[in-house]
Amino acid sequence: MDIRKENRILKWVLIIISFVFLAVFLILPLIYIIVTAFRDGLSGYIKGITDEYALKATGLTIKATIIAVLVNTIFGLAAAWCITKYSFKGKKILSTFIDLPVTVSPIIAGLIYVLTFGRQGALYKYLDPLGIKIIFAVPGIVLATVFVTFPFISRELIPILTAQGTDEEEAAALMGAGTFTIFRKVTLPHVKWALLYGVVLCTARAMGEFGAVSVLSGHLRGKTNTLPLYIELLYQGYDFTGAFAASSILVIMAIIVLVLRLILEHKGKKELDVSRR
Amino acid sequence: MSENSTVKEAYVELKKVNKHFKDFHATDNVDISIPKGRLVALLGPSGSGKTTILRMIAGLEHPDSGEIWIDGKKVNDIPGSERGIGFVFQSYALFRYMTVYDNIAFGLRIKKVPEKEIKEKVTELLKLISCEGLEKRYPSQLSGGQRQRVAFARALAPNPNILLLDEPFAAIDAKVRLELRTWLREMITKLKITSIFVTHDQDEAIEVADEIIVTNQGRVEQAGTPRELYSHPKTPFVAQFIGNSLPVKNYDDFRFFEKYEDEVTAIIRPEFVNVYKKGEKVQFLSSAEEATVEDIIFRGSSFEIKVRLHGNLISAYRSIIEPAVEVGEKVDVFIYRMFLIKNEEISIISNQSLKQESVVI
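For the protein sequence lines, the chains are A and B, in the order given.
Counting in numbering that gives the first Met the number 0, the first sequence runs from 0 upward without gaps.
Counting in numbering that gives the first Met the number 0, the second sequence runs from 0 upward without gaps.
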């Protein structure tokens, strides 16, 4: 009796804490963003988001995100595949290093590339004659985005591939199926939802990346400014309406990703139930 | 095809095959010869190398040295998919995101068989495994026995010459397992397909296989029919592994068993022993010894009676239709024979009174 009563009190206390926390740290700021974005009326907001530089920044963000997601999908699949299906020397090292980008501060990621590709860098004297510019240019931004979102996809795939084992692949191979067929017919259906979920996480992270990109971008308005950098620029210039209008774009993109994630989680769980029952 | 002429020839052959996994010698100079159309069991305790042998025949593992021959061809460098093999995995490894139909059709589709023929073949196989109507189900929606049969059908679909089964009954509950054993034996006999299955369960091997290959510590201990292994074990391991074997040190304490050499152990099996109730009229009563019943275990079709004799707890079977004995009861025990293990050799010693009697007659 007492225990049940205590449990009920605890339950409500925990619920209230969670909601208050969410309200103070998330909902309130979000409302503030929208209110500030519309401070100068609807026309001010529209002007803010249709600003030439805002559009260019959005475009660049989307571009960098798409490239990063593509690169990491390919890399993630390859890494997860080789880590779970083969045994080789250096497997542990590979598996550990994949996680490095999440543990290292993004600013360091940016600096690493400046040191590698910058004027003092080891590769500069080879790349410069070829006309390849990485630092303070779009390739640098893409590179930084790829770096910080590196492990998202492989980390989603590895546990699932490990749990599956290699029996089904061996069975298919014994029946004469080639590697690509095995991947398409046996492995891919199995990791489909995890892969999509990884893509969603990767997208979310790529869109919002600030630190590493900030170091590498050079902040050239309309050229190398992504949305987060552009927002910061406006904010530093006391253009609050513009900054928050641009922020709202990023927020909308994040909400789309969040909804996608919910749908995927739901669908994936359903199918997992079918396969496990 | 002149089947008779090929019956005795080896169809699957391993010659001096070795395989290491790091420091572990999984297969140690193994020679195996399996004739066409036989149903063979690879029997041994876990870690004895039986699964490794099976996987090497399938091409899933590659021997470090030695040769593997199938149907007169050396297959060491031929990929598993071209060896004409159907493989049933211990976990079944059914493609979980494909229906039963697509699972069975998979191998045929890879071979680019026309869809119409595939349909005929799959329908035929579904009938064979009594799973008609399940073609749209997913593996997760099947019972253990059904999964096993679908895995069997999938392995058979591309018309393999050899069927390999890795612990085919391990994942199934006891009741269904017995049914499936009989079913599998009938099925393989009907299809006349050369089959090799791996098991650690001697009852399973004895009941299902035409021939058993006993493995231990990566070596082949003995190959032969179940009866041969049972009555003429060639190595101490086989003598102890097969049957319900009890090692006895002081075998010469038993009446009518002489001492042979030092440092030998004898093995007594329940089927070598008869237990008689006092007063029962039997042939060898005069040469029997008295012992006390310590335990009785009901085995369904018989009782296992455990009696204490010269310090050993000896088991014997007694039919349920014979007069019952009780724990603590004094009974007469007659032992027909024992296996004698000296060094690495096995011999059979019989009760001396049997010889005397035969002389008398």
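All C-beta atoms, glycine included, are put in the ideal place defined by N, C-alpha and C.
### Query
Are Tyr-229/A and Ala-203/A closer than 7 Å when you measure CB to CB?
no
### Query
Among Val-213/B, His-19/B and Leu-53/B, which residue has its Cα nearest to the Cα of Glu-166/B?
Leu-53/B
### Query
Nearest to Gly-217/B by CA position, among Arg-226/B, Ser-47/B, Lys-14/B and Leu-162/B, is which residue?
Ser-47/B
### Message
Can you check whether the C-beta of Gly-106/B is within less than 7 Å of a C-beta belonging to chain A?
### Response
yes
### Sequence-distant residues of its chain with Cβ nearer than 7 Å to Val-359/B (five each side left out)
Unreliable positioning characterises Val-359/B in this predicted model, as indicated by a pLDDT of 43, which lies under 50. The coordinate reading is nonetheless provided below. Closer than 7 Å at Cβ, skipping near neighbours: no residue.
### Task
Using a cut-off of 7 Å between C-beta atoms, extract the partners of Val-185/A located in chain B.
Phe-94
### Message
Is there a Cβ of chain B sitting closer than 7 Å to that of Leu-173/A, yes or no?
### Response
yes
### Query
Under a three-way DSSP split, which group does Ile-347/B fall into?
strand
### Task
Could you tell me whether the stretch 158 to 170 of chain A touches the stretch 185 to 195 of chain A, where touching means 3 or more Cβ pairs closer than 8 Å?
yes
### Listed by chain order, chain A residues near Lys-111/B by CB distance under 7 Å
In chain order: nothing, as chain A lies at least about 10 Å away.
### Query
Per DSSP, Phe-179/A is paired with what?
Phe-179/A pairs with nothing; no bridge assigned.
### Task
Please state if the CB of Val-330/B and the CB of Val-324/B are separated by a distance shorter than 7 Å.
yes
### Task
Examine chain A for any beta-carbon lying closer than 7 Å to the beta-carbon of Phe-255/B, and answer yes or no.
no
### Query
When DSSP labels each residue in this structure, what does Gly-65/B get in the three-state scheme?
strand
### Query
Near Phe-290/B, which residues of its chain fall below 7 Å by C-beta distance, leaving aside the five closest residues on each side in sequence?
Sequence inspection shows Ala at residue 290/B; the Phe mentioned does not correspond to that position. Closer than 7 Å at the Cβ level, and outside the excluded window around Ala-290/B, lie Val-306, Arg-307, Leu-308, Val-330 and Val-332.
### Query
Is there contact between the stretch 261 to 268 of chain A and the stretch 234 to 244 of chain A, where contact requires at least three CB pairs shorter than 8 Å?
no
### Query
Going by DSSP, which residues form a beta bridge with Ala-222/B?
Ile-212/B
#### Entry: Closest Cα partner of Phe-168/B within the set Asn-158/B, Lys-135/B, Gly-79/B and Thr-181/B
Thr-181/B
### Query
With a cut-off of 8 Å, do at least 3 Cβ pairs link the stretch 129 to 138 of chain A to the stretch 161 to 180 of chain A?
no
### Message
Under 7 Å, Cβ to Cβ, is there at least one residue of chain B near Lys-266/A?
### Response
no
### Query
Could you give the distance in angstroms between the alpha-carbon of Lys-266/A and the alpha-carbon of Ala-22/A?
29 Å
### Query
Of all the alpha helix (DSSP H) runs that stay within the bounds of the stretch 143 to 219 of chain A, which reach a length of 4 or more residues?
151 to 163, 166 to 173, 178 to 181, 187 to 207 and 210 to 216
### Message
Out of Ile-107/A, Lys-222/A and Val-199/A, which one is the CA nearest neighbour of Met-252/A?
### Response
Val-199/A
### Task
Could you tell me the distance, in whole angstroms, from the CA atom of Glu-178/B to the CA atom of Lys-135/B?
25 Å
### 7 Å Cβ cutoff, Gly-79/B in contact with chain A
yes
### Query
Along chain B, in chain order, which residues have C-beta atoms closer than 8 Å to that of Thr-180/A?
Ile-109
### Message
Assuming contact is defined by CB atoms lying nearer than 7 Å, are Val-74/B and Ala-154/B in contact in what I supplied?
### Response
no
### Query
Looking at the C-beta of Asp-166/A, does it have a partner C-beta in chain B at a distance below 7 Å?
yes
### Task
Just the chain A side, please: which residues come within less than 8 Å of Phe-88/B by C-beta, in chain order?
Asp-166, Glu-169 and Ala-170
### Task
Note down the Cα distance separating Ile-348/B from Glu-279/B, rounded to an integer number of angstroms.
26 Å
### Query
For the ligand HEM, any of its heavy atoms closer than 6 Å to the Cβ of Phe-256/B?
This structure lacks the ligand HEM, and indeed carries no ligand of any kind.
### Near-chain A residues of the stretch 54 to 77 of chain B (beta-carbon distance less than 8 Å), N- to C-terminal order
Ala-57, Gly-58 and Leu-59
### Task
Using a Cβ cut-off of 9 Å, pull out every chain B residue sitting near Pro-158/A, in sequence order please.
Neighbours of Pro-158/A on chain B: none; closest Cβ ~16 Å, over 9 Å.
### Query
Which of the three DSSP states, helix, strand or coil, is assigned to Tyr-229/A?
helix
### Message
Taking only three categories from DSSP, how would you classify Arg-176/B?
### Response
helix
### Query
What are the residues that DSSP puts in a beta bridge with Thr-198/B?
Leu-42/B
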